[in-house]
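In our numbering, each residue carries its 1-based index in the sequence shown increased by 2.
Yeah, the Cβ is synthetic: ideal placement off N, Cα and C, and Gly gets one too.
Quantities reported herein were computed from a predicted structural model and do not represent experimental measurements.
Here the structure comes first, spelled out in structure tokens, and everything after it is commentary.
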Amino acid sequence: MKGSNDIFSDILERGPSEETVLFVLTKMKEQGRLGEVIQGCTRFLVFYSRSVRLRRLMVESCLEKGFIGLAQDHLQKLTGLIGELVMPYKLMAKQLFEGGMWAEGEPLLDYYLAHHPEDTEGLALLKQAKSRSQSSSEPEEPLPVDFATPTIAELYYEQGQLDAAIATYERVVEEEPGHAEAVRRLAELKAMTAEDDDIVDETRDLQDDGNRKVIGILERWLPKVREIPYARDTP
3 MKGSNDIFSD ILERGPSEET VLFVLTKMKE QGRLGEVIQG CTRFLVFYSR SVRLRRLMVE
63 SCLEKGFIGL AQDHLQKLTG LIGELVMPYK LMAKQLFEGG MWAEGEPLLD YYLAHHPEDT
123 EGLALLKQAK SRSQSSSEPE EPLPVDFATP TIAELYYEQG QLDAAIATYE RVVEEEPGHA
183 EAVRRLAELK AMTAEDDDIV DETRDLQDDG NRKVIGILER WLPKVREIPY ARDTP
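Given below as structure tokens:
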């Protein structure tokens, strides 16, 4: 019967997927087989050169082995990969800014600029965002139709602005009646509003009956509140 070391080596010889390579090399690293891990990373980075996790494993193994120069080389490549991956943060921030959501877009742009400090357009946008977000602390109005998307509706929901989230989803559905996920989510949010209203009505009706009955109502509604779904991914 082969030992685990032979099994790992055999797997790497069978042209494994990126996920399998990461799994096997991580296990080998846990066994202290740093030299083999570095060799494996070098070999498979030829095929999976854009794998952030594989590149990171290479950097960590080189540092533990004392190969500082090699680690720095791969760290530079890793930084370049991450720099490319954060580009959508700027795009999302600009979309939010166009909708007047300066405070929401600011941290996204801040994170992007941490990797691209030379981006003059990004720096100018960040300066404008900071000025706008500091000048007004009022809740944002629901976005115009052009900027109504499920993603922005969920941002409103996460901020506790349920009415704005509902209004944004209503605009999405108005523009795209066939958007099944938006229709479903809009119904869920409206149901939350209805349940909140019911709780208020029942509590008000029973205020004169004493605290015991009020507590009974709250206990009866608590399981329903816990069942309310939180924000989900949108297509």
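| Query | Result |
| --- | --- |
| Residue span of the alpha helix (DSSP H) that contains methionine 94, given as start and end | 89-100 |
| Alpha-carbon spacing of glycine 101 relative to arginine 35, whole angstroms | 53 Å |
| With 16 other Cβ atoms within 10 Å as the buried cut-off, status of threonine 151 | buried |
| Expected contact under 8 Å - CB spacing of lysine 2 and leucine 111 to nearest Å | Nothing can be reported for residue 2: it is not among the residues displayed for the chain, which extend from 3 to 237. |
| For glutamine 74, three-class secondary structure by DSSP | helix |
| Inter-residue Cα distance where the pair is lysine 67 and glutamate 108 | 40 Å |
| Whole-angstrom C-beta distance between tyrosine 114 and alanine 126, which should lie under 8 Å | Not really, about 13 Å apart at Cβ, beyond 8 Å. |
| Helix, strand or coil at proline 179 [DSSP, three-state] | coil |
| Alanine 131 to glutamate 15 span [Cα, whole Å] | 52 Å |
| Beta-carbon separation (whole angstroms), valine 61 vs leucine 47, contact threshold 8 Å | Contact doesn't hold; Cβ gap of about 11 Å is too wide. |
| Alanine 116, buried or exposed, once every other Cβ within 10 Å from all chains shown has been counted against 16 | exposed |
| Selected residue, minimal CA-CA separation from phenylalanine 99, among Ile154, Met89 and Arg187 | Ile154 |
| Aspartate 112, enclosing alpha helix (DSSP H) - first and last residue | 104-117 |
| Buried versus exposed call for leucine 27 [16 or more other C-beta atoms within 10 Å across all chains shown] | buried |
| Beta-carbon proximity check, leucine 188 vs leucine 164, cutoff 9 Å | no |
| Proximity of alanine 184 and valine 174 at Cβ, strictly below 9 Å | yes |
| Sub-9 Å separation of leucine 72 and arginine 52 beta-carbons | no |
| DSSP-derived helix/strand/coil call for phenylalanine 49 | coil |
| Simplified DSSP assignment, three categories, for proline 152 | helix |
| Burial state of methionine 30, where buried means 16 or more other Cβ atoms lie within 10 Å | buried |
| Pick from Glu160, Glu156, Gly162 and Gln161 that is closest to glutamate 172, judged by C-alpha positions | Glu156 |
| Endpoints, alpha helix (DSSP H) assigned at glutamine 63 | The sequence shown places serine at residue 63, rather than the glutamine named in the question. Segment 54-67, the alpha helix (DSSP H) holding serine 63. |
| Limits of the alpha helix (DSSP H) - the one that glutamate 15 falls within | Run containing glutamate 15: none; DSSP gives neither H nor E here. |
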